[in-house]
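Presented below is the structure to which this report refers.
Structure representation (structure tokens):
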């Protein structure tokens, strides 16, 4: 009999006490003398049930949660029926199947990039290899770089950072540059409030991200890679650095990788706390040791990036998708999604819903499926009002748009964006004006100040919104908001500024009556604006 | 300069030698910064860690006075490793075989032992310079890009040396053996220190040449000037004979004054008490004169010794031309009125000339209506300035040679051939400095400029912001030497040579290497030139060795450590 | 060369030029605040946006490489509206006290506000930066006027190579700062003032310029800096003969840029120590009977480090007396000991014309080649 007790000790688990749970379980194991091994693992995504503990006995899986430290011993004794203990209460049980599809949260999900998260020990190369890790790299190295790029193109992978630029095309452009020295960057400067896709991926399965980068290096001809991880993710940095060290020792990084002749290595750079450094040109400035401000494009990084050399920048999830394209094939990958884009997309589902967490769904499912089928709908006693998708750069969509598929084009048509995967659901207790004000205060605060429209325009918009939430607004303010928003959107230098007005524009478009109530009736329908109570 | 300032930004490799460009020629250093930002490789050869080293790919720090070996080591590497430009050497030069044979003794390892710079750095500098490699090309390695453009910028660190002429010839060897001359963004470029030092030479204020570098020894030249200068045409051939023998050079004049052979001197706008070596000797010479006239804008240290001081208009109050280091003659225009009765120098000189001519029965023509008229006479007498008039300079400066009114001026020299035809290689050998260090005076003193001051300071020290920024004399001292002498950073200390001593503030840090002290010469209260020597002049140019004197450093007792100051002779 | 169309005109652009370069070369003005021809493109002010055929959004022309066949529109109703909006925003963050501003008449922001007819901002007035830094003798940093165009930051890094300043903080709080807000004197700043030169507003002003007159009161004279051999072209602004400020104007050797001496070092010109009349040393004046007081002992002391009071060593005389004395004494020496008992030293600080006349005097009148220059020092 081979038994394992796995505890999800990613940042989300740790925040709910998973470390104490893990220690309590270890203690209980040694005190009870059970022949089970305890293992740390990443996050399964069901954050609403953390700390999660999975007990695997001879291929039989039971997932429990939340398992707080005080439940550790009763859980263990109950599961293994020691000293005649009763089985753990049924409401502790999340799932009893290996694919966990018996739990509604998991049923509609398709796990590709997060397949190993919460399953394997992220610090164990052996675990990753056992789960089929680095097979994609082996296959890629057996292919020509052009064929690798073609596979990514055929898989219809689009940039998961939010803009949705076709990844294969990006690689091809970078590959075609005559400069022999090329760089590759993994953008893990995840800054959207409420978003934690990159963190979960790196903490839970760092080798997958690394493998994607190495495959990209082969495809592009890059010699060096940088992983730019925000400094607020110490565990992700630790796991990635550990994975890099293991990969070097095992010959997946360094010179002549797996005897293929490929030379490539990865350096981890920690960010310094600026949201704008998620913008690719600002990110490169930061890596170069300069002030993290965006610059004009063109030239695009693919032509002139780090230190003037061609540089390919993708985000964590894009790289994490690549090994699966190599192993599963481009056709399979593209078939997961829509005719426009292949594969799956992760979302950090948060807000006023039953089941929050990190979810991965095929591109093209509807917002409704994500929020209601996966997320279980709105918490008891309240009703759905809006979903903010794409973080502060995205937009607020009302109920009538819930059948919009999660895909780049359709979401853009609504005034929101796909974004990197932030999805915040709000119910009737949230004031849409205040929500817009919140997101704008975030972008206003995070504006680098380089260009005038973003530096001053967001400030002015914030001023007007604050005025409205205080009940001091007038009708002209709405036109003014619209006008400044238009200027900021059209004339700002980088994506941060260009998209900063989106929350305001979409709430104005879909929830104009709430603005009107604030202005004409001096009333906040949600009751959140304290000045108007 | 053989080439122009603006060409520097397009250079692939820049060799800065003995020039603290960032402080002495800041605007030229901007060109160097621009070049490095465009990917050029910057190599600095200087014992001091000057500000430009921040942008340098290589900083070679030869021990003071030993750099000649370094250049020979570079030449050896270039010749033995095949980095030379055979086509240029074959087509444009002569004497290469002799040079190559001479260089056999100067393997980089030999040079390294002589100058203290590691052999691999010498070889790398040689490679980068010879092939004109940009930073990216230098990293790239194996693939051989076409030879880029390299330039040499040098300053007084080369010329203010007892073997300065030999050093300059050695740098010329470097440029010629690699073909790094006669093209845009190449050349051997001295950065001249003073606004019109180039023009003063061009105008014949030299003992052996008339304006336009026409030899005094040439009878035809003498006759030409005699004819032009004579008041009446008829007098020319009969009465006005021009001196034939070359005159004395500056230091020779000083020595002649000190021992009575020169009895009278006329000094125009030159504060030699502050800016020349061995201020004690300078003062003795000035005091020995029976009659000294100084034409000045301030009562400088030199003017204080003059029998007559004539008040001159400054550049701000007169018209005329200055010629910069790239041979560009530019118009200056008055923007202020002269103070009191001060007059333009040339106008004063014309008055003196008129009166003196009457007394000596050598009446010349002095009736110039304006500076522009003076320039017309210059143009008529000198072919290299033949096409230059104030009118043409109204819009933009012109670089000589500019022989005709249609000529656009000359951006860079030696495009097709050298002045003498084929460039000649000179087999040069290092020589020790004139005054080596010893037990009594164990440190090397180097003097020079700093960013905020100029010459003896009469101008800059009267410009309030500049004197606010750098108000007192100091000495840069290496921490090891400071510790040995018990001198602490910021304290006053005593620097002495065989000729005198000065009290200065100690600036202890890593700018100078161990064994070296650097003292700016701008501060009259602690005149660095009390320490320098006027011996061992360069054989060719008769330039004093400002960059090498033996000195010692001492701590000052508390009661004496107040202000900076100087005295002579040295206290024993 | 590439051919493109700007505002319906066929325009040729050199290799590497931007659309802005091409437009300006063709005489087409495009508003701009952060652009400077000698500095890398910044793209922050968003005024130089143009419409390019085939592109959805307007593009900043300062960073857009001119390409063959490109069709560009620099002025349209849309673009003018954007520019006006951007200026309107900028003006809300700028003190509009042009009536007392040192830069009035030379301020780029004032110029565009005038061109767009904006007398004030339609937005709420809120000036982000209040810092006033005058801790040095060269330049004042008055941050309320700063529009964050970063020309100063770029000139300091890209041209001067000092990198003494950089934008600190971000967004609305952003300002141009030294490392750790140290005084400039503790940074690598060389006080060259090229930041002042490129500043489009009154954020950077020379200390000595303050209160010296409006821009239109000033007389400008182009001449050459009197210091090192670079021979930088300088433009001296004066009022009533007094120097107000010095700037570069685009001369061949230096372009617009200067060093600290050229820009801040001309105070000697009007200094009270300037010599105003000819002087004769007191001992000589006494022996000639020009004065009654015997010469002071100070005459025998070394002049190094001394600042004699006016009249301590010399007395003022008329030009006639001085010139005749010079001619008499020099003639006497030459007559007694021959021309080679005389030596003349010309000046590297005087003009070509001065030096030409000097050697003419020495060679032609005295009759010796004993003439040299401080070229050897």
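Chains as they are written, first to last, in my numbering: chain A, 1 to 533; chain B, 1001 to 1572; chain C, 2001 to 2377.
Cβ coordinates follow ideal geometry from the N, Cα and C atoms, glycine included.
At a CB-CB cut-off below 8 Å, which residues of chain B make contact with residue i?
i: residue 2341 of chain C; result: 1261, 1262, 1263 and 1264
i: residue 2276 of chain C; result: 1311, 1339, 1340, 1341 and 1342
i: residue 2115 of chain C; result: Ordered by position in chain B, no residue passes the 8 Å Cβ test against residue 2115 of chain C, which lies about 30 Å from the chain.
Could you work out which residues of chain C lie near residue i, taking near to mean beta carbons separated by less than 8 Å?
i: residue 230 of chain A; result: Near residue 230 of chain A there are no residues of chain C at all, since even the closest Cβ is about 16 Å away, more than 8 Å.
i: residue 451 of chain A; result: 2043, 2044, 2045 and 2046
i: residue 487 of chain A; result: 2082, 2085, 2086 and 2089
i: residue 162 of chain A; result: Chain C residues near residue 162 of chain A: none, gap ~17 Å exceeds 8 Å.
Would you say residue i faces chain C, with C-beta separation under 8 Å as the test?
i: residue 1454 of chain B; result: yes
i: residue 277 of chain A; result: no
i: residue 1462 of chain B; result: yes
i: residue 474 of chain A; result: no
i: residue 173 of chain A; result: no
i: residue 274 of chain A; result: yes
i: residue 463 of chain A; result: yes
i: residue 1533 of chain B; result: no
i: residue 390 of chain A; result: no
i: residue 1476 of chain B; result: no
Going along the chain, which residues of its own chain have a beta-carbon closer than 6 Å to the beta-carbon of residue i, five neighbours each way excluded?
i: residue 1477 of chain B; result: 1506, 1508 and 1517
i: residue 2374 of chain C; result: 2348
i: residue 62 of chain A; result: 55 and 96
i: residue 1011 of chain B; result: 1035, 1040, 1149, 1151 and 1185
Of all Cβ atoms in chain A, is any one closer than 8 Å to the Cβ of residue i?
i: residue 2166 of chain C; result: yes
i: residue 2155 of chain C; result: no
i: residue 2035 of chain C; result: no
i: residue 2092 of chain C; result: yes
i: residue 2143 of chain C; result: no
Excluding sequence positions up to five away, which residues of its chain have a Cβ less than 7 Å from the Cβ of residue i?
i: residue 1463 of chain B; result: none
i: residue 1207 of chain B; result: 1246, 1247, 1248 and 1249
For residue i, which residues of its own chain have a beta-carbon under 8 Å away from its beta-carbon, when the five flanking residues on both sides are left out?
i: residue 2008 of chain C; result: none
i: residue 1570 of chain B; result: Confidence at residue 1570 of chain B is low in this model, with a pLDDT of 41, below 50, so the placement of that residue should be treated as unreliable; the coordinate-derived value is given next. So the list reads 1496, 1497, 1498, 1499, 1500 and 1501, once near-sequence residues are dropped.
i: residue 2367 of chain C; result: 2334 and 2339
For a contact meaning CB atoms closer than 9 Å, what does residue i contact in chain C?
i: residue 447 of chain A; result: 2170, 2171, 2172 and 2174
i: residue 1620 of chain B; result: Because chain B spans 1001 through 1572 in this model, residue 1620 of chain B falls outside it and cannot be assessed.
I want to verify the contact list: residues of chain A whose CB lies under 8 Å from the CB of residue i, in sequence order.
i: residue 2058 of chain C; result: 490 and 491
Who are the neighbours of residue i on chain C, taking C-beta pairs under 7 Å?
i: residue 1554 of chain B; result: Correct list: empty, because the minimum Cβ distance to chain C is about 19 Å.
Check the Cβ of residue i against every Cβ in chain B and list those closer than 7 Å, keeping chain order.
i: residue 2192 of chain C; result: 1026
Could you list which residues in chain B have their beta carbon closer than 9 Å to that of residue i, in chain order?
i: residue 2015 of chain C; result: Within chain B, no residue comes near residue 2015 of chain C; the closest Cβ sits about 14 Å away, beyond 9 Å.
Please tell me whether residue i has its Cβ less than 8 Å away from any Cβ of chain B.
i: residue 2074 of chain C; result: no
Starting from residue i, find everything on chain A with Cβ-Cβ shorter than 7 Å and list it in chain order.
i: residue 2063 of chain C; result: 296
* Are the segment 155-170 of chain A and the segment 1105-1121 of chain B touching, with three or more C-beta to C-beta distances below 8 Å? -> no
* Decide if the segment 1054-1065 of chain B is in contact with the segment 1100-1120 of chain B; the criterion is three or more beta carbon pairs, one per stretch, under 8 Å apart. => yes
* Contact between the segment 1189-1198 of chain B and the segment 2349-2358 of chain C (3+ Cβ pairs under 8 Å) -> yes
* Asked: Below 8 Å, can you find three or more Cβ-Cβ pairs linking the segment 350-361 of chain A to the segment 434-444 of chain A?
  -> no
* Asked: Should the segment 2172-2189 of chain C be called in touch with the segment 2135-2144 of chain C, which here means at least 3 C-beta pairs below 8 Å?
  -> yes
* Touching by the beta-carbon criterion (3+ pairs, under 8 Å), the segment 1298-1311 of chain B and the segment 1446-1464 of chain B -> yes
* **Secondary structure, beta strand (DSSP E): runs of 3+ residues fully inside the segment 2242-2289 of chain C** => 2242-2247 and 2279-2281
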